[in-house]
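Here the structure is laid out as structure tokens; the discussion comes afterwards.
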Amino acid sequence: MSSCLVAVGTGNLIANTAPCDPVGMVRDAGAEWYFPDYRFLDETLVRTLRRAGVGVIPWTVNDVSSWARLASWGVDGICTDYPDRLRACIDSQ
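According to this note's numbering, the residues represented by the sequence shown are -5 to 87, in order.
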């Protein structure tokens, strides 16, 4: 028998650009998570969001160098089309 843990939360999915005040936007929506297009995310923004208690999960990240960079910035997760490859990358670290 297997078990799984399911967590339900809300977040803001952002396409194409980063808003001027992502923390305020997430809070105004009553959300807990910020889901940006990874191409519009930098380390400073990740740190700002994390300090404010906002979780960060960028999407859709499909290459090893971006996975490593985002992980080094402290994101909470990574959305990818290749979860098996991401798992192998994590396991090899």
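All C-beta atoms in this analysis are idealised placements derived from N, C-alpha and C, irrespective of residue type, glycine included.
Because the structure is a prediction, the values reported are computed rather than measured.
Isoleucine 84 sits exposed, since fewer than 16 C-beta atoms from the chains shown fall within 10 Å of its C-beta.
Burial check for leucine 7: the Cβ neighbour count within 10 Å stays below 16, so the residue is exposed. Residue pairing by DSSP places isoleucine 8 opposite Pro30 in a beta bridge. For glycine 49, DSSP records a beta bridge to Trp27. A distance below 7 Å between beta-carbons, with the five flanking residues on each side excluded, links alanine 46 to the following residues of its chain, in chain order: Val17. Here the C-alpha atom of threonine 11 lies approximately 8 Å from the C-alpha atom of arginine 33. Cβ contact annotation for proline 13 (same chain, cutoff 7 Å, sequence separation greater than five): Met19, in chain order. Around glycine 3, the same chain offers Glu26 and Trp27 as residues with beta carbons nearer than 7 Å, after the five sequence neighbours per side are excluded. Here glycine 68 is not near phenylalanine 29, since their CB atoms are 8 Å or more apart.
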